[in-house]
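Trainee:
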Amino acid sequence: MISANKQIRAARYGMIIDVDRCNGCGACMVACAVENNVPPAHEGATDRKGLTWLRVYKVDNGEEYPNRQTAFIPVMCQHCDHETPCVHVCPQQAVELDPATGVVGEMPQRCLGCRYCMAACPYHARYFNWWDPAWPVGMEKTLNPGVTPRMRGVVEKCNMCHGRWHAAKEQAVAAGKPDTEPVDYLPACAEACPTGAIRFGDLNDPSSTPAKAATEPGSFRLLEKLGTEPKIYYRSKRDWVRAAADAPRPGAGKENPRG
Amino acid sequence: MKTTRREIMMFAGGSAVGVLFTPAPWRLITDTALWSENWPGIPVPAPGETRIKYTNCSLCPAGCAVRARSVGDQPVALFGVPGHPLSHSALCPFGLAGHHLPYLPARLKQGPVNEATAAVAEGIAKCGPAEYVVTLDLRPARTASWTYRRAMAAVKNGRYVAPSAPNAAVAVDLAKARTVLSLGVPLLDGWGTPGNVIAARPGFRLIQADAVESRTASLADQWLRIRPGSEDALAQALAGATTHAAAADATGLAEAEIAALAAQLAQNGPVLVLGSSRLESTGRTIVARRETPVPEEWQKAAPVTDLASLPDGSVRVLLIDESAPGEYLPWQAIARKLAPDSPVVVTFATTREGYGRHAQYVLPAGIYPEVDGDIPPAIDSVAATFRLSTPLVAPPQGMVKPEEFVAAAAGLPVTDTLHERAAAIHKTGRGTLFTYADAKSVALKDVSAGDFWKALQAGGCWIDAPDDKAPAARLTTAATKPRPTEESDLPLTVVVGRELAPASPILSKLYQESNLRLAPNRVALHPSCGLLDGTQAVFETLLGKCPVGVTLDAGVPPGLVHVSVSPALLDLCADGARAKVVRA
Chain A
10 MISANKQIRA
20 ARYGMIIDVD
30 RCNGCGACMV
40 ACAVENNVPP
50 AHEGATDRKG
60 LTWLRVYKVD
70 NGEEYPNRQT
80 AFIPVMCQHC
90 DHETPCVHVC
100 PQQAVELDPA
110 TGVVGEMPQR
120 CLGCRYCMAA
130 CPYHARYFNW
140 WDPAWPVGME
150 KTLNPGVTPR
160 MRGVVEKCNM
170 CHGRWHAAKE
180 QAVAAGKPDT
190 EPVDYLPACA
200 EACPTGAIRF
210 GDLNDPSSTP
220 AKAATEPGSF
230 RLLEKLGTEP
240 KIYYRSKRDW
250 VRAAADAPRP
260 GAGKENPRG
Chain B
77 MKTTRREIMM
87 FAGGSAVGVL
97 FTPAPWRLIT
107 DTALWSENWP
117 GIPVPAPGET
127 RIKYTNCSLC
137 PAGCAVRARS
147 VGDQPVALFG
157 VPGHPLSHSA
167 LCPFGLAGHH
177 LPYLPARLKQ
187 GPVNEATAAV
197 AEGIAKCGPA
207 EYVVTLDLRP
217 ARTASWTYRR
227 AMAAVKNGRY
237 VAPSAPNAAV
247 AVDLAKARTV
257 LSLGVPLLDG
267 WGTPGNVIAA
277 RPGFRLIQAD
287 AVESRTASLA
297 DQWLRIRPGS
307 EDALAQALAG
317 ATTHAAAADA
327 TGLAEAEIAA
337 LAAQLAQNGP
347 VLVLGSSRLE
357 STGRTIVARR
367 ETPVPEEWQK
377 AAPVTDLASL
387 PDGSVRVLLI
397 DESAPGEYLP
407 WQAIARKLAP
417 DSPVVVTFAT
427 TREGYGRHAQ
437 YVLPAGIYPE
447 VDGDIPPAID
457 SVAATFRLST
467 PLVAPPQGMV
477 KPEEFVAAAA
487 GLPVTDTLHE
497 RAAAIHKTGR
507 GTLFTYADAK
517 SVALKDVSAG
527 DFWKALQAGG
537 CWIDAPDDKA
547 PAARLTTAAT
557 KPRPTEESDL
567 PLTVVVGREL
577 APASPILSKL
587 YQESNLRLAP
597 NRVALHPSCG
607 LLDGTQAVFE
617 TLLGKCPVGV
627 TLDAGVPPGL
637 VHVSVSPALL
647 DLCADGARAK
657 VVRA
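In order, the protein sequence lines correspond to chains A and B.
Residue 123 in the numbering used here sits at position 114 of the first sequence, with consecutive numbering throughout.
Residue 483 in the numbering used here sits at position 407 of the second sequence, with consecutive numbering throughout.
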C-alpha cells in the first residue's frame, strides 16, 4: 500500500504496436484471455457479444487484386490520458485513471451494468458480460489465481494485466525497492507476441521502446482527432494503414457494433 | 391537527401502492436476481505456490519449447522459452492454451480396451497370406514410430504406413534463401517452426501463389492469385517444361507476370521453392538431414510405406495412432484398403471427431500436456534434434498408450524407449544440449548420460552438430492436385485451409468472438454468393454432405469456397474438388 504522503514517481505505461510486423496469428488474444481469466465463448456469443479484451482486426486498403493489401491491427483499451470518455460517464465511479500508472482501470464490483462506458468508448474496447462466466468441467483449475473472474452483468476491459503489475510491485518491495517507483513488468500480450510487434514500457521513461518509437515517423494513434491522448501507439510505413486509424472501427462499416 | 389512526393507515397503504409505480421495487428485483446469480456462478481460482516448469509442445511437428507457470502442480499459463535456438520464444495460439486440452468437453475418457485387444489378437491370427496388419502413424519419426515399425516387423504381414514420411530426412534452410516461392504452402501460418520462420522472414522475399487471400498471401511481398489446382502448371512453366502461354491459360495469370516471376527467380537466388518438386530450389536451401540416432537393435524394423502401395481390400487389422496430430488422410482412401469381410479397425484418439467416427474400437489416448513422448525435428530444422514433451499434469485413469498397445499386440517387451534413445544419442557424443531454465548450450560430450537424461526431462533440447557436407535434397509433395472440372450442379471450387490440431475452447476468441480465423466446420465465400454472413448451410460434394456455417470474406474470389480444416470436411473434399453450399 502506498501511503498518501509519499512522493510517487508516476509511470505512464503504454505500448507501441508495429502493424507491419503483426501477422494476425491471434496469440496475443489467447494469452490475454488466459492471463485474465476471460471465459470461452458462450454458445450465443457473437463478435458483438463476445469478450475479447484485445481483438485483432483484419483491415484492407479497399482495392481489388492485384492492388489489394491487408494488415492486422490489434486493438485493446487505448488507456486515454485526456478527457477519458469512460471515466466521465460512469455513474458508479467504477472506472478510474490511475495517476500512478496511467492505466484506466475497471472495478467490476462497483459496476451496475448500465453500459454508458461502452457507448462512450470510441474504440469499442469495452465488453459486457452477457452470461455467467463458465468454463468446461475441470478447466476452472487452470484459472490464474492472480485475477478474479468477473460476474454477469458488468463491463470489463484491458487493464494492462493489472495482476502482473501487482505481482511485480510486490516483488520489488520484497526486494527492498521503494514502493513509489515504477516497476518493470510485461503484459501477457506483449510477452506472447511471437513477432515482437507489441512492445510495452513506460512512456515517461524516454529510454523505453514505446517512448522512443512514439516520436518516430510512421507512428500514430487511433482516432487521434478526438484528442483523447491514447497511450497505445501504432506504427506502420503504409499510408493506407495510418488512414484506417481514423475510421470509427478498423475493418468495419458499422459505427457502433456493440452499442 | 390531530392525526388519526385511520389517516396513518391510509398514508401507509397509499405509500405502499405508490412505491409500486416507482422504479425502486423493480430495481431491487433485478439487483437481487443478478446478485443471486453470482453466488455459485463464479469459480474461485485456487491459490498456491507458483513454479516454473519446462516442456516441449507436441501439438504439431514444430515442437516449440514451453515455459509453464504452474500453481501447485497445475499449469495456469504457457509461454515460449526465451533464447531458444529453434523456436525463438514463440508459441502459437494453440500452444498458448495447450494446458486446457485435458479438460476438453469432447475428450474420450474410456474405451473398450479388452475387447479391442482380443479383436486385434484374433485379427492377427486370422490374417491371410495376401492380407496385412497395418499401423497408420500420422506423425512419423517419433520414438513411438520406431516401436510401431519394430512391432510391424515382428508380426506376420505387418506394414507401417506414414503419410508424410518421405520428408522426415529432408530439411529446409530458410536462413539461406533470398527468395521463397511458395505454391500454396502456409509458410507464415503455422508451417515449420513458427518462431524460426519469423526470425528468418526479414532475410527473404516471399512470393505466394494462392487461390485465396490466405494469411500467408496477405503478408507476402507478392501474392499471385492463381486458379485452384494450377500450382503445378505454374511450376512447370517456371522450370521450362511448358510455355508461359500454357501456364497463363491454366493459372489465370498474365504471361508477362509469369515471365517477370521467372526473371525474379533467376536473379534473386538462392531460391527456395515450397509446394512443388517440379521446380528445383537453388543454393542448398533444401538439404538432407541426418536422422536422430536410435539404438542398434532397433534397426530391425519394418520399412516406411505409403497407403497407396497397399492393394485395395487387403488390410485385415488397422491400428491408427491419431493421438499425435499430423497429416490427415481422408477416410475414403483408407476404407478402400480394408478387407471386405469384417476388418478390425482400432484408433487411438483423444476425441471421436477424427477416425473415431468410422473405427470399431476407439481407445482413449492421453493428450498434451499429460503424455510423455519425443518430437521429431521440424521441416525447417537443418540439424537433427531430440526433445521430450514431459507431462505437466498427470493423465486420468484409463488412458491407453498406443505404442504399448501395439507392442503388446506384436509380442514386444515394454521398455523405456525414450531413455534408450537418449542413451544412443549420448553415445555419439555429437551436438549440443540447450537447457531451458538457464538458456545455455553445452557440448554433449561434456555432459554425463545421467545428466543428459535429467536435462531432457527438465526442459532441454539436443541439437545435432551442423553437417556442412549434407547433400542438397528435394521435398516430396503430394500428388498433383486435380484440376477442377466443370460440373453444373457443383458450381464452386474447393480450397482447403491448413490447420488441424486439438483446440482449447478459449480459441473461440479467434473463431467465434472475432472473425480472425475460420472456425472448424465453417466455409468462407465471396460476399456476392447470395448467402448472409453467419448463415447455417449445407456443404455438398460428390462424396456427401455436411452442415457448415458461412463466413463472407472478400479475400475469397467468386466461384471458390474456402473450407476450414476439420475431419468431417476433409473426408468430403480436397483442394480443387467441386462443391456447392446451399442454405440449410
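Glycine residues also receive a C-beta, built at the ideal position from the N, C-alpha and C atoms.
1. When you check each C-beta in the region 175–189 of chain B against every C-beta of chain A, which residues fall closer than 8 Å?
2. Specify the secondary structure class of L594 of chain B as computed by DSSP and reduced to three states.
3. Does any C-beta atom of chain A lie closer than 8 Å to the C-beta of P467 of chain B?
4. To the nearest whole angstrom, what separates the beta carbons of V482 of chain B and T211 of chain B, a pair I think is in contact under 8 Å?
5. For chain A, is any of its Cβ atoms less than 8 Å away from the one on K585 of chain B?
6. Could you tell me if N76 of chain A is buried or exposed, where buried requires 16 or more neighbouring beta carbons within 10 angstroms of its beta carbon?
7. So E333 of chain B is in the alpha helix (DSSP H); what residue range does that whole segment cover?
8. Quick one, are the C-beta atoms of N243 of chain B and I451 of chain B less than 8 Å apart?
9. Give me the chain B residues within the contact set of G59 of chain A, using Cβ-Cβ distance strictly less than 8 Å, ordered along the chain.
10. Going by Cα to Cα distance, which pick from B:A525, B:S584, B:P119 is closest to K503 of chain B?
11. Take the Cβ of F37 of chain B as the centre, count every other Cβ of all protein chains shown within 10 Å, and call the residue buried at 16 or more, exposed below.
12. Output needed for G114 of chain A: all residues of its chain with C-beta closer than 6 Å, excluding positions within five of it in sequence on either side, in chain order.
13. May I ask which residues mark the beginning and end of the alpha helix (DSSP H) holding T193 of chain B?
14. Nearest CA to the CA of M116 of chain A: which residue from A:A183, A:A129, A:P131, A:P100?
15. What's the gap between the Cα of I362 of chain B and the Cα of T368 of chain B?
16. Would you report the Cα separation of P236 of chain A and C95 of chain A, rounded to the nearest angstrom?
17. Whose CA, out of B:V147, B:A660, B:A541, B:P440, lies closest to the CA of K625 of chain B?
18. Among all the DSSP beta bridges, which residues are the ones paired with C89 of chain A?
19. Quick one: which residues of the region 138–149 of chain A get their C-beta closer than 8 Å to a C-beta of chain B? List them in chain order.
20. Alpha carbon to alpha carbon, how far is V120 of chain B from R145 of chain B? Give it in angstroms, no decimals.
21. Shortest alpha-carbon distance to S221 of chain B belongs to which of B:T381, B:A323, B:R127?
22. Which partner residues of G156 of chain B appear in the DSSP bridge assignment?
23. With a CB to CB cut of under 8 Å and the five nearest residues on each side skipped, what residues in its chain are close to K202 of chain B?
24. Return helix, strand or coil for I582 of chain B, following the three-state DSSP convention.
25. Are there three or more Cβ pairs, one per stretch, closer than 8 Å when the region 427–435 of chain B is compared with the region 491–499 of chain B?
26. How is the beta strand (DSSP E) around A425 of chain B delimited, first residue to last?
27. Kindly give me the distance between the Cβ atoms of F615 of chain B and A650 of chain B, rounded to whole angstroms, as I take these residues to be in contact under 8 Å.
28. Select from the region 152–180 of chain A all residues with a C-beta closer than 7 Å to any C-beta belonging to chain B, and list them in chain order.
29. Which residues, in order along the region 29–42 of chain A, keep a beta-carbon less than 7 Å from a beta-carbon of chain B?
30. Out of curiosity, what's the CA-to-CA distance linking G487 of chain B and A229 of chain B?
31. Return the bridge partner residues of D622 of chain B from the DSSP annotation.
32. Please compile the residues from chain A whose C-beta is within a distance smaller than 7 Å of the C-beta of S294 of chain B.
33. State the CB to CB distance for the pair V47 of chain A and L60 of chain A, rounded to an integer number of angstroms; the pair is presumed to be in contact (CB under 8 Å).
34. Measuring CB to CB, does Y236 of chain B end up less than 8 Å from A378 of chain B?
35. Using a beta-carbon distance cut-off of less than 7 Å, what residues from the region 297–328 of chain B approach chain A?
36. Does the separation of the CB atoms of L586 of chain B and V657 of chain B fall below 8 Å?
Mentor: The relevant details are as follows:
1. Cβ contacts with chain A: H175, H176, P178, Y179, L180, P181.
2. coil
3. No, P467 of chain B lies away from the interface with chain A (no Cβ there is under 8 Å from its Cβ).
4. Between the beta-carbon of V482 of chain B and that of T211 of chain B there is about 6 Å, and that keeps the pair under the 8 Å contact cut.
5. For K585 of chain B, the nearest beta carbon of chain A is closer than 8 Å to its own beta carbon.
6. exposed
7. 331–343
8. Taking 8 Å as the Cβ cut-off, N243 of chain B and I451 of chain B do not qualify as a contacting pair.
9. Residues of chain B passing the Cβ test: S584, K585, Q588, E589, S590.
10. B:A525
11. There is simply no residue 37 of chain B to check, as chain B begins at 77 and stops at 660 in what is shown.
12. E105, D107, N168
13. 189–202
14. A:P100
15. Annotation: I362 of chain B to T368 of chain B spans about 18 Å, alpha carbon to alpha carbon.
16. Note that residue 236 of chain A is Gly in the sequence shown here, rather than Pro. C-alpha separation (whole angstroms): 14 Å.
17. Position check: residue 625 of chain B holds Gly in this sequence, whereas Lys was assumed. It is B:A660.
18. DSSP lists no partner for C89 of chain A.
19. D141, P142, A143, W144, P145, V146, G147, M148, E149
20. So the alpha carbons of these two residues sit roughly 18 Å apart.
21. B:T381
22. B:V142
23. In the same chain as K202 of chain B, and ignoring 5 residues on each side of it, the C-beta atoms closer than 8 Å to its own belong to R392, in chain order.
24. helix
25. no
26. 420–425
27. So it is not a contact: roughly 14 Å between Cβ atoms.
28. L152, N153, P154, P158, M160, R161, G162
29. N32, G33, C34, G35, A36, M38, V39, A40, A42
30. Approximately 11 Å, taken between the alpha carbons.
31. Checking the displayed sequence, the identity of residue 622 of chain B turns out to be Cys instead of Asp. BP columns for C622 of chain B point to B:F615.
32. T79
33. 5 Å
34. A distance below 8 Å separates the beta carbons of Y236 of chain B and A378 of chain B.
35. Those would be R301, in chain order.
36. no
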